[in-house]
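Trainee: For the sequence shown, the numbering used here begins at -12 and goes up steadily by one.
One structure, as structure tokens, below. Some questions next.
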Amino acid sequence: NAKQAGGDTLRFFDPATQEQLQRRARLEADLRQALPRGELLLHYQPQVRDDGKLVGAEALVRWEHPTRGMISPGDFIPLAEENRLILPIGAWVLEAACRQLAAWAADPVMADLTLSVNVSSQQFREGGLAEKVLAILTRTGARPERLKLEVTESLFVRDRDDARETMLSLKEHGVTFALDDFGTGYSSLSYLKRLPLDQLKIDQSFVFDLLEDEASAAIVASTIALSESLQLQVIAEGVETEAQRAWLMAHGCRFFQGYLFSRPVPVEDLEAAIHAT
Ligand code: C2E
Ligand code: MG
Ligand code: MG
Ligand code: MG
């Protein structure tokens, strides 16, 4: 009807929306150039065991934009997932992470670290992911046992069998898998029975209000118990306070990642911190 049409027209010409669309289009054009211009880099966030030992790190991509400064992945990964730029970006991340792993192998203090790398569901759907990862491992000389791929529940909503096949081929070579942001997706728990996962990552949204919110506390305690029954390692992300760490430890969680230990940092900072301990 006329009133509705008028509303749509108004919304279409809404200057704020127009501006948003333009900003987005500019960002997208810039993002296309980011890889060829070498503007992407990785930061590393430590993963710590309950005895305080640093056992691994998560590689987190950053975009050093020529005029806007450092842009965090939350502001460009969703965009990249919409326009398939995530495929070349994801491939670059894997290669850069494996190059880093190979470099660490020569340093006795770094050689035992596991490196976790986020992989988008689209990288699985594109096909050939196992072959691509194996080629990168060969090319860089990184040890597969040191590489952990972080996947999200969105991977298991569709194409579950394909994802399983890919994971199994990589696991044959020693690559491990973590389920990131556990509990925030829309998929059922039944995939936990069939997928070759090694680790569950408790999402930071539950860790955040663990001590104030009974529901979050219950979800975290259940996730830890579930991991134990399924013989999966469990790691809590977003641990910011000693009180949260103590609660998690008391409930059986032995691995942590969060600002309490360190923010994501450039590789030199991570290496310096480990050599200092
Ligand atoms: P994620 O994989 O769940 O990574 C954890 C995010 O939580 C990181 O944000 C990290 O900086 C942040 N974080 C860690 N500890 C704390 C804490 O104690 N408190 C708080 N408030 N936050 C904490 P970041 O680096 O901005 O990354 C955001 C998301 O972007 C990641 O979430 C991941 O989903 C995505 N992402 C990052 N790098 C890549 C990548 O290379 N490929 C893909 N596909 N996605 C990526
Ligand atoms: Mg992650
Ligand atoms: Mg996460
Ligand atoms: Mg998250």
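Think of the CB as a built atom: it goes at the ideal place given N, C-alpha and C, for glycine as much as any other residue.
Since the model is a prediction, treat every value here as computed from it, not as a measurement.
What does the alpha-carbon distance come out to for the pair residue 65 and residue 135?
Mentor: 22 Å
Trainee: For residue -6, name the three-state secondary structure that DSSP assigns.
Mentor: A caution first: residue -6 carries a pLDDT of 49, below 50, which makes its placement in the model unreliable, though a value can still be read off. Residue state, collapsed to three classes: helix.
Trainee: Let me know the beta strand (DSSP E) ranges lying completely inside the segment 175 to 256, each 3 residues or longer, listed in chain order.
Mentor: 186 to 189, 220 to 224, 242 to 244
Trainee: Kindly give me the distance between the Cβ atoms of residue 96 and residue 211, rounded to whole angstroms, as I take these residues to be in contact under 8 Å.
Mentor: Contact flag wrong, Cβ pair sits at about 30 Å.
Trainee: Please confirm if the segment 28 to 37 is in contact with the segment 238 to 252, defined as three or more CB-CB distances below 8 Å between the two stretches.
Mentor: yes
Trainee: Take residue 154 as the anchor and find which of 184, 128, 167, 140 has the nearest alpha-carbon.
Mentor: 184
Trainee: To the nearest angstrom, how far is it from the Cα of residue 158 to the Cα of residue 2?
Mentor: 51 Å
Trainee: So residue 29 and residue 75 are in contact, right, with Cβ under 8 Å, and what is the actual spacing, rounded?
Mentor: With 8 Å as the limit, residue 29 and residue 75 do not qualify as a contact, their Cβ atoms being about 15 Å apart.
Trainee: Let me know the alpha helix (DSSP H) ranges lying completely inside the segment 99 to 151, each 4 residues or longer, listed in chain order.
Mentor: 108 to 112, 116 to 127
Trainee: For ligand 3, is there any heavy atom lying closer than 7 Å to the beta carbon of residue 224?
Mentor: yes
Trainee: Take the Cβ of residue 168 as the centre, count every other Cβ of all protein chains shown within 10 Å, and call the residue buried at 16 or more, exposed below.
Mentor: buried
Trainee: Quick test of the definition: if touching needs 3 or more C-beta pairs under 8 Å, does the segment 55 to 62 touch the segment 88 to 95?
Mentor: By the Cβ rule, the segment 55 to 62 does not count as touching the segment 88 to 95, because fewer than three pairs are nearer than 8 Å.
Trainee: For residue 19, name the three-state secondary structure that DSSP assigns.
Mentor: helix
Trainee: What residues in its chain sit with their C-beta under 7 Å from that of residue 254, if we drop five residues either side in the sequence?
Mentor: 31, 87
Trainee: Thinking just about the alpha-carbon of each residue, which of 162, 99, 24 is nearest to the one in residue 267?
Mentor: In the structure as shown, the chain starts at -12 and stops at 264, and residue 267 therefore has no counterpart that could be examined.
Trainee: According to the Cβ coordinates, are residue 89 and residue 128 closer than 8 Å?
Mentor: yes
Trainee: Determine the direct distance from the alpha carbon of residue 171 to that of residue 199, and round the result to whole angstroms.
Mentor: Spanning the two alpha carbons is a distance of roughly 19 Å.
Trainee: Identify the continuous beta strand (DSSP E) that holds residue 33 and give its terminal residues.
Mentor: Looking at the DSSP string, the run of the beta strand (DSSP E) that includes residue 33 is 27 to 36.
Trainee: For residue 188, is the classification buried or exposed, using 16 other Cβ atoms within 10 angstroms of its Cβ as the cut-off for buried?
Mentor: buried
Trainee: Can you give me the start and stop residues for the beta strand (DSSP E) that residue 93 sits inside?
Mentor: From DSSP, residue 93 is part of no beta strand (DSSP E); its letter is neither H nor E.
Trainee: Just to confirm before moving on: does the CB-CB distance between residue 81 and residue 43 stay below 8 Å?
Mentor: no
Trainee: Look up residue -11 in the DSSP assignment and say whether it is helix, strand or coil.
Mentor: Because residue -11 carries a pLDDT of 41, less than 50, the predicted location of this residue cannot be relied on, and the following value inherits that uncertainty. Looking at residue -11 - three-state DSSP - the assignment turns out to be helix.
Trainee: Mind checking whether the beta-carbon of residue 167 lies closer than 7 Å to any heavy atom of ligand 2?
Mentor: Flag set: Cβ of residue 167 near ligand 2.
Trainee: I'd like the span of the beta strand (DSSP E) that includes residue 47, first residue to last.
Mentor: 41 to 52
Trainee: Suppose you measure from the CA of residue 130 to the CA of residue 124; what does that come to, to the nearest Å?
Mentor: 7 Å
Trainee: So the beta strand (DSSP E) residue 166 belongs to, where does it begin and stop?
Mentor: DSSP places residue 166 inside the beta strand (DSSP E), whose first and last residues are 163 to 169.
Trainee: What's the C-alpha gap between residue 246 and residue 214?
Mentor: Their Cα atoms are separated by approximately 24 Å.
Trainee: Taking the straight line between their C-alpha atoms, what separation do you get for residue 114 and residue 263?
Mentor: In this structure, the straight-line span from the alpha carbon of residue 114 to that of residue 263 is close to 43 Å.
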